[in-house]
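Numbering (my numbering), first residue to last: 1 to 508.
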Ligand SMILES: [Zn+2]
């Protein structure tokens, strides 16, 4: 069975067949860099990063483009409010966004074109549309004439009559109320940096045409997958299709994939919701703040725990429940390392190529048949879920199942109290196989458990001193002080675990 994708354009799951066999071009709408990113901005990049990793594993050469919208009305307004230039604002917000992407292990983006660097490409498309009389200049603006596009509305399933009723009638120069701007005439009071030269006078591009231009520049007139949040279906993606297909007379994107929106207290976060209540909620939930509080791996895991077309319910409780889920894996990794005296992460790295072509055979050397059987079941369930419209939630369920089975094996083989070398080897191989499997969606890329931020292991060194002091206290029968140390650490969120082979610590 091959991969299937739910295509918004046809409203059904279709077999995935790239235009050029073996190659996949993906365009994902990126952020408008005027305000710090929030959780909603992380969803698309994390999902498509997992999708890219999986497609690469499946043998495809993937070219993934995510734009940066750095020319937009919102930037002009925000820069003026902050008394800065649009380019300074854009650079600052972009840097913050990229840092967050890195923390979330979004490492697969091949190209991040900026709208401000593609004004020439944008003008070319507009010219083509004017030549065909599908677009028309009007008072320094240029509009797209929706009545000239026979299949306008095919993505969002709307017809022109629907839209006419919903559009404001501002701009008496428009031929039809639904016509949208490709180019906007510069206003006198606007800063010089947003006044680009064009055949229609100084001005700036509309948001929709920016994406059309950057997508075709890097992926061609026709490419495989266009992605974005469901709030972009109309008007943004509908208009991208209209512009691009009218200019090239070719299909723009073969598959359209839209991810669900994030909900906070059951309210959707959408680009259009500017209510003070929602804006206040969002400003507290910037990615910057979120990633200061939670590890990137947890936020990534949280996002991937929901199938991408479903809405993501954001709440502290939800994050905490996912943290507990992740702990299940971390405890297994720690346990396997302890009983086998061997790092499962290092074992996962050894001999693994990227992409992990030999993953199906990751447990080839394992002699215990229950374990090899567990691996086959997990591998099949994981790939089946991912083949089915990239169901990362199903893939994660397969990971949990395998973790449970490896734990059972460790208990059954008595590895906590000794056990055979072969059983230890089997346990560490199966644990490493689980890590390799999870890496197909960008989870467990590096060890997390004792990672203590940027303190260069200082915390661990201090903890080892405390553990040693406590050991001496117990030896001298000063149990009260030994317990005091443990209790105070517990209060601070640090757990000490006394084990036969010594004491280990874990931060909550
Ligand atoms: Zn876009």
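We treat Cβ as the ideally placed atom computed from N, Cα and C, and that holds for glycine.
Within the region 387-458, note down every full alpha helix (DSSP H) run reaching 4 residues or more, in order along the chain. 392-412, 421-438
Euclidean distance between Cα positions of residue 27 and residue 43: 15 Å
Ligand 1 and residue 236: does any heavy atom of the ligand fall closer than 7 Å to the residue's C-beta? yes
Which first and last residues belong to the alpha helix (DSSP H) in which residue 41 is found? 39-57
Return the chain-ordered list of same chain residues with a C-beta closer than 6 Å to the C-beta of residue 311, the five sequence neighbours on each side being excluded. 260, 261, 263
Mind checking whether the beta-carbon of residue 44 lies closer than 7 Å to any heavy atom of ligand 1? Checking the Cβ of residue 44 against ligand 1 gives no.
Assuming residue 228 contacts residue 29 (C-beta within less than 8 Å), just tell me the rounded distance between them. 4 Å
Residues near ligand 1, criterion Cβ-heavy atom distance below 5 Å: 29, 211
Just mark residue 199 as buried or exposed, buried being the case when its beta carbon has 16 or more other beta carbons within 10 Å. exposed
Among the candidates 386, 401, 355, whose CA atom is the shortest distance from the CA of residue 374? 401
Considering only the alpha carbon of each residue, which of 334, 351, 398 lies closest to residue 344? 334
In this structure, does DSSP put residue 382 in helix, strand or coil? helix
Counting along the chain, where does the beta strand (DSSP E) carrying residue 287 start and finish? Run containing residue 287: none in the beta strand (DSSP E); it sits in the alpha helix (DSSP H), 287-293.
For the beta strand (DSSP E) that residue 264 lies in, which residues bound it at each end? Counting along the chain, the beta strand (DSSP E) containing residue 264 begins and ends at 262-264.
Please state the DSSP three-state secondary structure of residue 131. Of the three classes helix, strand and coil, the one that applies to residue 131 here is helix, per DSSP.
Suppose contacts are defined by Cβ-Cβ distances below 8 Å. Is residue 108 in contact with residue 61 by that definition? no
Three-state class that DSSP yields for residue 104 in the structure shown: Residue 104 falls in the coil class under three-state DSSP.
Residues bridged to residue 24 by DSSP? 62
Could you tell me if residue 297 is buried or exposed, where buried requires 16 or more neighbouring beta carbons within 10 angstroms of its beta carbon? Its Cβ being crowded by 16 or more others within 10 Å, residue 297 is buried.
Separation of residue 101 from residue 287, as counted between CA atoms: 9 Å
Between which two residues does the beta strand (DSSP E) harbouring residue 305 extend? Element bounds for residue 305: n/a, residue is neither H nor E.
With 16 other CB atoms within 10 Å as the buried threshold, where does residue 225 fall? buried
Could you give the DSSP three-state label for residue 180: helix, strand or coil? In the three-state reduction of the DSSP assignment, residue 180 falls in the strand class, which pools E and B.
Residue 239 - DSSP class collapsed to helix/strand/coil: helix
Is DSSP giving residue 111 helix, strand or coil here? strand
For residue 138: DSSP bridge partner residues: 141
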